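Step one of this worksheet: look at the structure below.
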Amino acid sequence: MKGLKKQIDRIRPQFEPGGRYEKLHSVFDGFYTFLFTPNDTSRSGVHIHDANDSKRTMITVLLALLPCCLFGMWNIGYQNALATGLPTNFIPLFFYGLFAVLPQILTAYIVGLGIEFVVAQMRGHEIQEGFLVSGLLIPMICPVETPCWMLAVAVAFAVIFAKEVFGGTGYNFLNVALVTRAFLFFAYPSKMSGDGVFVSLNGLPAVDGYTGATPLAQLASGTPGSVSITGVDGLPVSAADLFWGLVPGSWGETSTFCILIGAAILLISGMASWKIMISGVVGALAMSFIGHAWASPLYPITFVNPFEQLLLGGFAFAIVFMATDPVTACRTSTGKWIYGFLIGAVAMLIRFYNTGYPEGAMLAVLLLNCFAPLIDWCVVESNVKRRTRRLKSIS
Amino acid sequence: MWPCTLFMLQPDSGTTEIKNTLYTDFMEDTIKIKKGLDIPMFGAPSAEITQDTSTTLFAICPDDFPGAVWKARVHPGDKVQRGSVLFADKDNATLCLTSPVSGEVTEIARGERRHILHITVRREGDEAEKFEIPDETEGLRAILQASGLWAMMRQRPFDIVPSVNAIPRDIFVTAFDSAPLAAPMLQPKDMSALETGLETLASLTPGTVYLGVRPDSGITSKAAQVIAFDGPHPAGNVGTQIAAIKPVNKGETVFTLDARTAVRIGRLITDGYLDTAALVAVTGSEVNNPHLINTTIGARLDTMLAGSLKASDDTRLRIISGNVLTGTRCSLKDGFLHFPYRQITVIAEGADADEFMGWASMSPDKFSVKRTFPAWLKGLGKPFKFDARIKGGRRAMILSEEFDKVFPFDIYPEYLLKAMMANDIERMEELGIYEVAPEDFALPEFVDTSKEPLQHIVRQSLDNLRKELS
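Just so you know, the sequences run in chain order A and B.
To get this note's numbering, take the position in the first sequence, counting from 1, and add 1353.
To get this note's numbering, take the position in the second sequence, counting from 1, and add 50.
Written out as structure tokens, the structure reads:
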């Protein structure tokens, strides 16, 4: 590695101000710090530092996403095989899914990181790592059939208008991945929901009894009082299938099991808040029990068992990976409890009573992103009030 | 404003918990500090004490004593005694920094814009200035200021040398150092001088003198209220102790000092001479035999540390006068022991590490309070070898509640820091700037994923605020 380091140090002056490629300084710096941890030592304050940095943080979150991502790829192949009656061999299914989503993943990274690079250079900053996570999250929460050009437009919109205009990673108040998803949903609704977008048929004819609707969509539009759902092949789907994720949906978020593995990684490594996750689940359960207690034929989904609600749709994925985004979530301890609870409750509220589009998790997180600063403000203000009272009590 | 009332019902999660331990020999309150971190490091000192007989050069560095404008009162070649004036404050000539030894002034080292870095004295003989001890408080204040011991105290707000006329609400003395690799602050022989010192301090304040100790330390006092602090660092920081006992409000002033200074005050009052002996813990992974050295305030490091260091090339070493969190970086060649004259830490500099793809490292030797590195599998308390690298690039704040876990104050550190960065004075006051000193932000700075220079930010804000308000 010494040789590589020498080579890089040799070309480094060309990327410094005044060098031939000074316009690529941030890009060079990004790749350099990717390869070699900077040798900078502390100049003021503490002389030693914790080993965790922004790069390690983002890599750990990516690691937590990996089970969902790999499972999702296999599941795309599996749903394709079920829908078309092809044999279900593990390896071909996985590669089918991998090649189905690879263009989307590449599109998201190229467009998002490209904008990051340009903005970092314009501002004279180092390249920030935040988009490493967003870039994988975005395809995972979209239907497999999303065209790449739509994704590119949405990513560009989200990165520029939800993040860079506010100052980049750490200053955005809305979750970038969810803004991308929301942009797609409102700009191209026909491609974001319905029966035709969640299963990749690859032009093959479907088997008899085929339905491409997700379990959540079936329940929301189903017969009042009935809670039976079917898979793409028309056969019934059990709660266990929902737990393992063997159903169609936005491809990264179907498997509750893989999401739990991701949650465990995030919580053990201390990268996400357990307070938000727990209060989110509690909020969702509370709302589900309320909805279930007053179940109405007008809103068929309220008949579903409250615990099964947690397995449906993107809720679990949203509460583990979206709600816990530290930049856009509440930053105070008390605030996190309130924030998580409200996300859970609002997600279920939308799911129950908005039969047109029952997937409420995305909108719930975005809504609470907007309210997070207000919640924090109230919490911090109570601390200020306490200090003021103490001052008054002595004077 | 309904949301405020709603959330005020929930008090902030308690940072401290006060209980009365009735079953110890003497009555004392024990306060349990829950938030904090003991950084496990190699190089803890043994109890062995050696004498430093070879050091002849001693220096006083005025930058160790913020809040005054120090003017030199001696010239090179002047003869001084132990306790003679070296510096006096520009505005209050009674406030002095004094010579730690008797001998000849050899150098007044200056930096940019003729700013004085230090005044060096070569030791010859052992003559000492005799201070006449008066009975009344005003006289006591005067000799504390003249002897240089006043400058070894700090006041809050602002974490500066107390202004000469300040009447403190209370005085807080900490009798233990909880920072990484610190040695015990007091020796058994110091106890009677400590009590005299505490009595003297009690006469400076209409309030109370509080003495923070470890549980079961056996330290008692009639002049001060002894309060025991259990828990990890920063339990020994006087700021933590103030926050747990009686936080500073706007308009109030408290004095803070370590028990060493209280002992020196006691000795000055008892026999009229300034005690400048310093028991220094030489610690850190790059020290051969970490132990205690009996030397004098301001001792020159190369003679004091002769033979103690593992490497002879000091460019590869980070020599710190103090601990790794708040100490002053020194070079071996012309470095001196800095205030508070208790500890030297030597670690590797690490500037030649060239670590390949450190973000992917699975090394068990990387310490992190987050469990993103496998080192946490080693179990609690296993020591680590640290170097001085920052180990990452500076970023905006990303992770939340990082600081809160190591910051035992009823303050939201992130919000206070943001107010500081924005230089929003009103908000800083509301969020508790009068209660904090830079050292309170040392652990947050250590754990910070975004690698921001927090202590520097706090120091600048305190200085700006003081200017604005004066």
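Using N, Cα and C, we set each Cβ at its ideal position, and we do this for glycine too.
In this text, all values refer to a predicted model and were calculated from it rather than measured experimentally.
Would you list, in chain order, the members of the segment 1479–1490 of chain A that have their beta-carbon closer than 7 Å to a beta-carbon of chain B? Listed in sequence order: Glu1479 and Gln1481.
Measure the alpha-carbon distance for threonine 71/B versus tyrosine 1462/A and round it to whole angstroms. Legend: pLDDT at threonine 71/B = 39, less than 50; position of this residue unreliable, no value from coordinates given.
Starting from phenylalanine 137/B and walking both ways along the beta strand (DSSP E), at which residues does that stretch end? Counting along the chain, the beta strand (DSSP E) containing phenylalanine 137/B begins and ends at 135–139.
Leucine 199/B and leucine 318/B look like a contact to me (Cβ under 8 Å); what is the Cβ gap, rounded to whole Å? With 8 Å as the limit, leucine 199/B and leucine 318/B qualify as a contact, their Cβ atoms being about 6 Å apart.
Give a yes or no on whether 8 Å exceeds the smallest Cβ distance from leucine 1419/A to chain B. Leucine 1419/A does not count as touching chain B.
Within the segment 314–359 of chain B, note down every full alpha helix (DSSP H) run reaching 4 residues or more, in order along the chain. Those alpha helix (DSSP H) runs which fall completely within the segment 314–359 of chain B and span 4+ residues are 351–354.
Measuring CB atoms only, is the segment 449–457 of chain B touching the segment 495–507 of chain B, in the sense that at least three cross pairs come out at less than 8 Å? Contact holds between the segment 449–457 of chain B and the segment 495–507 of chain B, because three or more Cβ pairs, one in each stretch, are under 8 Å apart.
Is there at least one Cβ from chain B nearer than 8 Å to histidine 1378/A's Cβ? Chain B, which has no Cβ nearer than 8 Å to the Cβ of histidine 1378/A, makes this no.
Would you list, in sequence order, the uninterrupted beta strand (DSSP E) runs of no fewer than 3 residues that lie entirely inside the segment 392–463 of chain B? Look at the segment 392–463 of chain B and you find these whole runs of beta strand (DSSP E), each 3 residues long or longer: 393–398.
Could you tell me the boundaries of the beta strand (DSSP E) in which glutamate 157/B lies? First-last of the beta strand (DSSP E) with glutamate 157/B: 153–160.
Taking DSSP's pairing of strands, which residues face cysteine 146/B in a bridge? In DSSP, cysteine 146/B forms a bridge with Ala138/B.
Terminal residues of the alpha helix (DSSP H) in which serine 1746/A lies: Secondary structure note for serine 1746/A: its alpha helix (DSSP H) is the uninterrupted segment 1714–1747.
Scan the segment 458–486 of chain B for residues whose Cβ lies nearer than 8 Å to a Cβ of chain A and list them as they occur along the chain. Using a CB distance below 8 Å, the part of the segment 458–486 of chain B facing chain A consists of Asp460, Ile461, Tyr462, Glu464, Tyr465, Glu480, Leu481 and Gly482, ordered along the chain.
Any Cβ of chain A within less than 8 Å of the Cβ of valine 211/B? Taking CB atoms only, valine 211/B has no neighbour in chain A less than 8 Å away.
As a quick exercise: from Pro463/B, Val214/B and Arg191/B, pick the residue whose alpha carbon is nearest that of leucine 493/B. Checked all of Pro463/B, Val214/B and Arg191/B; the closest Cα to leucine 493/B is Pro463/B.
With burial defined as no fewer than 16 other Cβ atoms inside 10 Å of the residue's Cβ, what is the status of methionine 77/B: buried or exposed? For methionine 77/B, the predicted model reports a pLDDT of 48, less than 50, meaning its position is unreliable and no value from the coordinates is stated.
When DSSP labels each residue in this structure, what does methionine 1675/A get in the three-state scheme? Methionine 1675/A falls in the helix class under three-state DSSP.
How many angstroms separate the CA atom of methionine 1701/A from the CA atom of methionine 1675/A? Distance between the alpha carbons of methionine 1701/A and methionine 1675/A is about 16 Å.
For glycine 1430/A, which of Thr1410/A, Lys1738/A, Val1590/A and Thr1441/A has the nearest alpha-carbon? Minimum Cα distance to glycine 1430/A is reached at Thr1441/A.
Spatially closest choice to arginine 477/B from Ala201/B, Lys300/B, Cys111/B and Ala243/B, by CA coordinates: Closest by C-alpha distance to arginine 477/B, out of Ala201/B, Lys300/B, Cys111/B and Ala243/B, is Lys300/B.
Please confirm whether arginine 421/B has its beta-carbon closer than 8 Å to some beta-carbon of chain A. At least one CB of chain A lies nearer than 8 Å to the CB of arginine 421/B.
Under 7 Å by beta carbon: chain B residues contacting lysine 1358/A: Result: Asp404.
Cβ contact check for the segment 205–220 of chain B and the segment 162–169 of chain B: 3 or more pairs under 8 Å: Taking a contact to require three or more Cβ pairs closer than 8 Å, the segment 205–220 of chain B and the segment 162–169 of chain B do not qualify as touching.
Roughly how many angstroms lie between the CA atoms of arginine 350/B and cysteine 380/B, to the nearest whole one? The straight-line gap from Cα to Cα measures roughly 10 Å.
Indicate whether at least one CB of chain B lies closer than 8 Å to the CB of tyrosine 1524/A. It does: the Cβ of tyrosine 1524/A has a partner Cβ on chain B nearer than 8 Å.
Nonlocal neighbours in the same chain, by C-beta distance under 6 Å from phenylalanine 459/B, ignoring five residues either side: Only Ala293 meet the Cβ criterion.
Status (buried if at least 16 other CB within 10 Å, exposed otherwise) for alanine 1540/A: The Cβ neighbour count for alanine 1540/A, taken over all protein chains shown within 10 Å, is under 16; the residue is labelled exposed.
How many Å lie between leucine 512/B and leucine 1727/A at the Cα? Taking the straight line joining both Cα atoms gives about 28 Å.
Pick from Ala109/B, Asp141/B and Phe115/B that is closest to proline 126/B, judged by C-alpha positions: It is Ala109/B.
I want to see whether chain A comes within less than 8 Å of phenylalanine 92/B, judged by CB atoms only; does it? False, the Cβ-Cβ gap to chain A never drops below 8 Å.
Would you say valine 298/B reaches chain A, if we count a Cβ-Cβ gap shorter than 8 Å as a contact? By the rule that beta-carbons nearer than 8 Å mark a contact, valine 298/B does not touch chain A.
Amino acids of chain B, ordered along the chain, whose beta-carbon sits closer than 7 Å to that of alanine 1404/A: Correct list: Lys416, Phe417, Ser418, Phe423 and Lys441.
I want to see whether chain B comes within less than 8 Å of threonine 1685/A, judged by CB atoms only; does it? Chain B has a Cβ within less than 8 Å of the Cβ of threonine 1685/A.
Listing by chain order, which chain A residues have their CB less than 8 Å from the CB of methionine 407/B? Here the neighbours are Phe1387, Leu1388, Phe1389 and Thr1390.
Do tryptophan 1697/A and valine 1635/A have their C-beta atoms within less than 8 Å of each other? Note that residue 1697/A corresponds to glycine in the displayed sequence, not to tryptophan. Going by C-beta atoms, glycine 1697/A is nearer than 8 Å to valine 1635/A.
Mind listing the chain B neighbours of threonine 1394/A? Cutoff is C-beta to C-beta under 8 Å, in chain order. Going along chain B in sequence order, the residues near threonine 1394/A (Cβ under 8 Å) are Arg368, Glu399, Gly400, Ala401, Asp437, Ala438, Arg439 and Ile440.
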